[in-house]
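Data block below; observations after.
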Amino acid sequence: MNVAAAVRRPLHPPPVPASPFPYHPGSLLSIMDLTVEGVSHILERATALEDMDPLKRDDILAKRRIALLFYESSTRTRTSFELAAKSLGADTTLVSNLSSSIEKGESLKDTGLTLRALGAEAIILRHNSSGAAWLLEESTHLPVLNAGDGMHEHPTQALLDLRTILTHLRDGATHVTPETLAGVTVTITGDILHSRVARSNMLLLPRLGAKVILCGPKELLPEIAIGAGPGIEIERDFEAALRRSEVIMMLRIQAERLAGLQLDLQEYKTSYQLTGQRLAALAPQAKVLHPGPIIRGMEITAGVADGAQSCILEQVTNGVAIRMAVVERALLSAQQGARA
Amino acid sequence: MTAIAIRNGHLIDPAAGVDAAKDILLKDGRVAEIAGPGKLKMANGAEVLDATGLTIAPGLIDIHVHLREPGQGYKETIASGTAAAAAGGFTSVAAMPNTTPVNDSPEITRWMQAPERGASARVFPIAAATRGSRGEAVNDFAALKSAGAVAVTDDGRPILKDSVMREVLSAAARTGLCVIQHAEDTRITQGASMNLGPVSFKLGLRGMPAEAESQIVERDIRLVTELRDARAHLHVAHTSTAAAVAAVRQARRNGLRITCEVAPHHFLLTEEHVGFYNTHAKMNPPLRSAADRDAMIEGILDGVVDAIATDHAPHAAHEKEVEFEQAPNGITGLETALGLSIQWLHKEWKMPLGRILSLLSAQPAALLGLKNRGTLTIGSYADVVVFDPRAEWTYRATDSKSKAKNTPFNGWTMRGKIRWTISEGRLVYTGA
Chain A
506 MNVAAAVRRP LHPPPVPASP FPYHPGSLLS IMDLTVEGVS HILERATALE DMDPLKRDDI
566 LAKRRIALLF YESSTRTRTS FELAAKSLGA DTTLVSNLSS SIEKGESLKD TGLTLRALGA
626 EAIILRHNSS GAAWLLEEST HLPVLNAGDG MHEHPTQALL DLRTILTHLR DGATHVTPET
686 LAGVTVTITG DILHSRVARS NMLLLPRLGA KVILCGPKEL LPEIAIGAGP GIEIERDFEA
746 ALRRSEVIMM LRIQAERLAG LQLDLQEYKT SYQLTGQRLA ALAPQAKVLH PGPIIRGMEI
806 TAGVADGAQS CILEQVTNGV AIRMAVVERA LLSAQQGARA
Chain B
207 MTAIAIRNGH LIDPAAGVDA AKDILLKDGR VAEIAGPGKL KMANGAEVLD ATGLTIAPGL
267 IDIHVHLREP GQGYKETIAS GTAAAAAGGF TSVAAMPNTT PVNDSPEITR WMQAPERGAS
327 ARVFPIAAAT RGSRGEAVND FAALKSAGAV AVTDDGRPIL KDSVMREVLS AAARTGLCVI
387 QHAEDTRITQ GASMNLGPVS FKLGLRGMPA EAESQIVERD IRLVTELRDA RAHLHVAHTS
447 TAAAVAAVRQ ARRNGLRITC EVAPHHFLLT EEHVGFYNTH AKMNPPLRSA ADRDAMIEGI
507 LDGVVDAIAT DHAPHAAHEK EVEFEQAPNG ITGLETALGL SIQWLHKEWK MPLGRILSLL
567 SAQPAALLGL KNRGTLTIGS YADVVVFDPR AEWTYRATDS KSKAKNTPFN GWTMRGKIRW
627 TISEGRLVYT GA
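Taken in order, these protein sequences are the chains called A and B. So the mapping is simple: the numbering used here equals the position in the first sequence, first residue as 1, plus 505. So the mapping is simple: the numbering used here equals the position in the second sequence, first residue as 1, plus 206.
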């Protein structure tokens, strides 16, 4: 038998299913769950809800029950989800791994089923394991909002980053298309390997026309990152990347996920720290973003974090608006029937 | 024991070079007579199985299964695991030693083979190479062999120390046993739960590099080369990377006694099948890249692969319903191996059926030195599978005879439906 010919024949085992089960239409597990139109809808609702009379807004989800299930500590994400849900009138309850039966060994599935039995209509999940949101959604069939799963994704962060970028570069546009960010280069710098924020952003921004440059040392940015999606490039030279950037997104080094990786922090700072000097010389017009928590003096200097180009606190504020829209979508899209 | 006459079927016995219409008579657990259609002379009083339109072949032999006993009966028992084997056409299975406790003793080796286990297929224990599979103290291979062990391995816990692996290879060679290595440099796979590549990056999962497998295979080949005079036999378990197959191919050209097996999931699936954290696509070695998968097919077609082995690894449902990184490795495989092999290797990729059957019986029997098995000549064990090679069917995990349902092949179309499985003259499975 001619082996080579046999092997060259196209191999076509049954295709991989796009999704293992039909998601709840209100779920947001990955930024890829949203079409560009869906992104627009969230941006529009975020602005509308933000502008609404708080007393009227309070009726939208009056007395609906939302659980926040947090397996990792969080300041911004947890608080803004909680404030977002409450400002729509919902009742929220927080379950954290440190003060619940999770400590006694209860599984994620059982924890989710318990929350559902207690009347939760949606669960906002922060978890240290990549993919945990899929497991929770499959177990409970409730709308699940992924508030960060391991090293995987943090879709609401990408949406609030987008809102911040649009505010400054596109006059606060809420309607986006595949061309909206054409000509915009966003550099994401630092611990890409362990960053769910980086993954959600690198999957979202190119779909709106932006170019995403990933920047960092090999240990924190493996070459395989380029295969994550279209519109992504790798640039190891931070200064070269800065020169081309309209937006600079800095990331914290996630010491808790380094898993034995040895990194010379002094060398890292020399190569990749965003300093006032670098910013002034190479990207004097660029906007500086950071998902937080920031480690002043590590990836970013205090001067830059507090400086005129910094949008860091604006991002935090945008988090509440975006999460209002996403929470509303979670509970109201259920009534619109299953998504295709 | 009643005699069984299988009539009107088509016998394929690759080891004997038979591929013809034959009737076959099984008596006292052995093959008693083989004759042309309607020509059996000694079949008086025998139970007759009409195999019109069916293929008769030596019972299949899986040299890599986890039966979970002793100690993990909630996942699988020897009875349930071998019932699944019989349903898949297997009459012999070689059971890995990662039980609780580890099978590193003649006592456990005998216990696994005892009639009380209620096995539907012959169980050949593979004993641990080192005490407790801890990779330090080498076991007494002669004692294990006389208790019935057919090979030694620390499967799942690869032997990393060169000195220990050298000692294991040379002691096994003296005893006439094969050393099976799960090739994985666990020093570079810490915390990893799938193949390292663009998919693992995208999913935010730590990945196992292909080199973790190939470097151990290359190290082991070097040790076998050093022990060339002792004729050490190394068998590479569940080969999954192009580099490992290439290393085995080269070593064989150099005249070394190196064999390897490939599991159906490694010649069919790729890392893309992990999809959205499907724990039924998590095993070790992991599903690899498309190039690696194609190299497995090429290895099977060009003959460097000696056996198709399933690495049947049952787990309880609750163990797989957890976060991907926390889920145990492994999938079931006994009931789907033949159906997948015929559907893909034969029908899609045009491999002759006889060669597929050889990879599932004659070659694995030769590899482990299982005498009078893997062939149907007069006097050999009456281990027989009768199946319809053209029948299409759909695998339903819920119908599995295994206690476990952790398979990525649920709902897949298979070809080749088992009608009867006969183990040492005993009808152990009758298909619909």
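We treat Cβ as the ideally placed atom computed from N, Cα and C, and that holds for glycine.
**Study point:** Cβ shell of Ser586 (chain B) (< 6 Å), same chain only, five flanking positions each side left out
**Key:** Mapped onto the second sequence, residue 586 (chain B) falls at position 380. Correct list, in chain order: Val237, Asn578.
Review point. Should Leu818 (chain A) and Asp666 (chain A) be called a contact, given that it needs their Cβ atoms to be closer than 9 Å?
Key: By one-based count along the first sequence, residue 818 (chain A) stands at place 313. By one-based count along the first sequence, residue 666 (chain A) stands at place 161. No, these two residues do not count as a Cβ contact at 9 Å.
Review point. Is it true that the segment 517-532 of chain B meets the segment 496-505 of chain B, where meeting means three or more beta-carbon pairs spaced less than 8 Å apart?
Key: no
Check your understanding: Run through DSSP, which three-state label would Trp626 (chain B) get?
Key -> Position 420 of the second sequence, counting from 1, holds the residue named residue 626 (chain B). Strand at Trp626 (chain B).
Review point. Which chain B residues sit within Cβ distance under 8 Å of Leu613 (chain A)?
Key: The residue you call residue 613 (chain A) lines up with position 108 of the first sequence. By Cβ distance, chain B contributes Val528, Glu529.
Exercise for review: For Met248 (chain B), name the three-state secondary structure that DSSP assigns.
Suggested key: Locating residue 248 (chain B) in the second sequence gives position 42, where the first residue counts as 1. Coil, per DSSP.
Point to revise | Bridge partner(s) assigned by DSSP for Cys720 (chain A) | key: What you label residue 720 (chain A) is simply residue 215 of the first sequence in a count that begins at 1. According to DSSP, which records beta bridges pairwise, Cys720 (chain A) is partnered with A:Thr694.
**Study point:** Met400 (chain B) in three-state terms, based on DSSP
**Key:** Within the second sequence, residue 400 (chain B) is the residue found at index 194, counting from 1. Strand, per DSSP.
Point to revise | CB contact below 9 Å: Lys408 (chain B) versus chain A | key: On the second sequence, position 202 is the one that residue 408 (chain B) refers to. So, interface residue.
Point to revise | Cβ contact (3+ pairs, closer than 8 Å) linking the segment 332-351 of chain B and the segment 360-378 of chain B | key: yes
Check your understanding: Contact between the segment 733-745 of chain A and the segment 762-769 of chain A: three or more CB pairs below 8 Å?
Key -> no
Practice item. From the DSSP output, in three-state form, read off Met302 (chain B) for me. Key: Here residue 302 (chain B) refers to the residue found at position 96 when the second sequence is read from its first residue. Looking at Met302 (chain B) - three-state DSSP - the assignment turns out to be coil, as it is neither helix nor strand.
**Study point:** Among B:Leu565, B:Arg437, B:Asn484, nearest to Gly265 (chain B) - alpha-carbon criterion
**Key:** Here the question's residue 265 (chain B) lines up with position 59 in the second sequence. Answer by Cα proximity: B:Leu565.
Exercise for review: Can you check the segment 543-601 of chain B for any beta strand (DSSP E) of at least 3 residues that lies completely inside it and give the ranges in chain order?
Suggested key: 590-600
Check your understanding: Enumerated in chain order, which unbroken segments of the alpha helix (DSSP H) with a length of 4 residues or greater are wholly contained in the segment 342-372 of chain B?
Key -> 347-352
Review point. Within 9 Å (strictly less), CB to CB, does Glu658 (chain A) reach chain B?
Key: Along the first sequence, one-based indexing puts residue 658 (chain A) at 153. Yes, its Cβ sits closer than 9 Å to a Cβ of chain B.
Exercise for review: Starting from Gly403 (chain B), find everything on chain A with Cβ-Cβ shorter than 7 Å and list it in chain order.
Suggested key: The residue you call residue 403 (chain B) lines up with position 197 of the second sequence. Within chain A, the residues near Gly403 (chain B) are Ile729.
Exercise for review: Hey, could you find the ends of the beta strand (DSSP E) Val825 (chain A) is sitting in?
Suggested key: Translated into the one-based positions of the first sequence, residue 825 (chain A) becomes position 320. Looking at the DSSP string, Val825 (chain A) is not in any beta strand (DSSP E); the run it does join, the alpha helix (DSSP H), is 817-837.
**Study point:** Own chain partners of Thr619 (chain B) with C-beta closer than 7 Å, once the 5 adjacent residues on each side are dropped
**Key:** In the second sequence, residue 619 (chain B) corresponds to position 413, counting from 1. Hits under 7 Å: Gln549, Glu598, Thr600.
Review point. What does Tyr601 (chain B) reach in chain A if we use C-beta pairs closer than 9 Å?
Key: The residue labelled residue 601 (chain B) in the question sits at position 395 within the second sequence. Going along chain A, no residue has its Cβ under 9 Å from Tyr601 (chain B), so there is no contact; the nearest lies around 12 Å.
Practice item. For Gly857 (chain A), go through chain B and note every residue whose CB falls closer than 9 Å to its CB, in chain order. Key: Residue coverage of chain A in this structure runs from 506 to 845, which leaves residue 857 (chain A) outside it and unanswerable.
Practice item. Determine the chain A residues that contact Leu411 (chain B) at a beta-carbon separation under 7 Å, and present them in chain order. Key: Here residue 411 (chain B) refers to the residue found at position 205 of the second sequence. Those within 7 Å of Leu411 (chain B) in chain A are Ser635.
Review point. Apart from the five residues just before and just after Ser326 (chain B), which ones in its own chain have a Cβ nearer than 6 Å to its Cβ?
Key: For the purposes of this step, residue 326 (chain B) is taken as residue 120 along the second sequence, with counting starting at 1. Cβ within range, chain order: Thr288, Ala289, Ala292, Val634.
Point to revise | Endpoints, beta strand (DSSP E) assigned at Gly294 (chain B) | key: Working through the second sequence from its first residue, we reach residue 294 (chain B) at position 88. Segment: none, Gly294 (chain B) is in no beta strand (DSSP E) and carries neither H nor E.
Point to revise | 9 Å Cβ cut-off: residues of chain B touching Leu640 (chain A) | key: For the purposes of this step, residue 640 (chain A) is taken as the residue at position 135 of the first sequence. Under the 9 Å cutoff, chain B gives Tyr483, Thr485, Glu527, Val528, Glu529, Phe530.
Review point. Within the chosen definition, does the segment 462-472 of chain B reach the segment 426-442 of chain B through at least 3 CB pairs nearer than 8 Å?
Key: yes
Point to revise | Under 7 Å (Cβ pairs) to chain B, residues found in the segment 685-717 of chain A | key: Arg701, Arg704
**Study point:** Where Gly545 (chain B) meets chain A, residues with beta-carbon distance less than 8 Å
**Key:** Numbered from 1 along the second sequence, position 339 holds the residue referred to as residue 545 (chain B). By Cβ distance, chain A contributes nothing, its closest Cβ being about 13 Å from Gly545 (chain B), past 8 Å.
Point to revise | Interface flag, Asp397 (chain B) vs chain A, CB-CB below 9 Å | key: In the second sequence, counting from the first residue as 1, residue 397 (chain B) sits at position 191. One point to set straight first is that residue 397 (chain B) is Gly, not Asp, in the sequence displayed. Answer yes: the Cβ-Cβ gap between Gly397 (chain B) and chain A drops below 9 Å somewhere.
**Study point:** Buried/exposed call for Asn507 (chain A), threshold 16 Cβ in 10 Å
**Key:** Taking the first sequence and counting its residues from 1, the one referred to as residue 507 (chain A) is at position 2. Note on Asn507 (chain A): pLDDT 47, under 50, position unreliable in the model; the coordinate value appears next. Looking at its Cβ environment, which holds fewer than 16 other Cβ atoms inside 10 Å, Asn507 (chain A) is exposed.
Practice item. Starting from the Cα of Val541 (chain A), find the closest Cα among A:Ile670, A:Gly721, A:Leu709, A:Ile731 and give me that residue. Key: For the purposes of this step, residue 541 (chain A) is identified with residue 36 of the first sequence, where counting begins at 1. Closest option to Val541 (chain A), Cα to Cα, is A:Leu709.
Point to revise | Buried/exposed call for Leu560 (chain A), threshold 16 Cβ in 10 Å | key: For the purposes of this step, residue 560 (chain A) is identified with residue 55 of the first sequence, where counting begins at 1. Classification of Leu560 (chain A): exposed, given that the 10 Å Cβ count is below 16.
**Study point:** Residue-chain proximity (Asp853 (chain A), chain B), Cβ-Cβ < 9 Å
**Key:** Examination of residue 853 (chain A) is not possible in this model, given that chain A is present from 506 through 845 alone.
Practice item. Work out the CA separation of Leu756 (chain A) and Pro570 (chain B) for me, nearest whole Å. Key: Counted from its first residue, the second sequence places residue 570 (chain B) at position 364. Counted from its first residue, the first sequence places residue 756 (chain A) at position 251. Spanning the two alpha carbons is a distance of roughly 53 Å.
Check your understanding: From what residue to what residue does the alpha helix (DSSP H) around Tyr528 (chain A) run?
Key -> Here residue 528 (chain A) corresponds to residue number 23 of the first sequence, with the count starting at 1. Where Tyr528 (chain A) is concerned, there is no enclosing alpha helix (DSSP H), given that its DSSP letter is neither H nor E.
Exercise for review: Could you check how far apart the C-beta atoms of Val480 (chain B) and Met400 (chain B) are, in whole angstroms? I think they sit under 8 Å.
Suggested key: Against the second sequence, residue 480 (chain B) aligns to sequence position 274. Against the second sequence, residue 400 (chain B) aligns to sequence position 194. Between Met400 (chain B) and Val480 (chain B) the Cβ distance is about 6 Å, and since that is below 8 Å, they are a contact.
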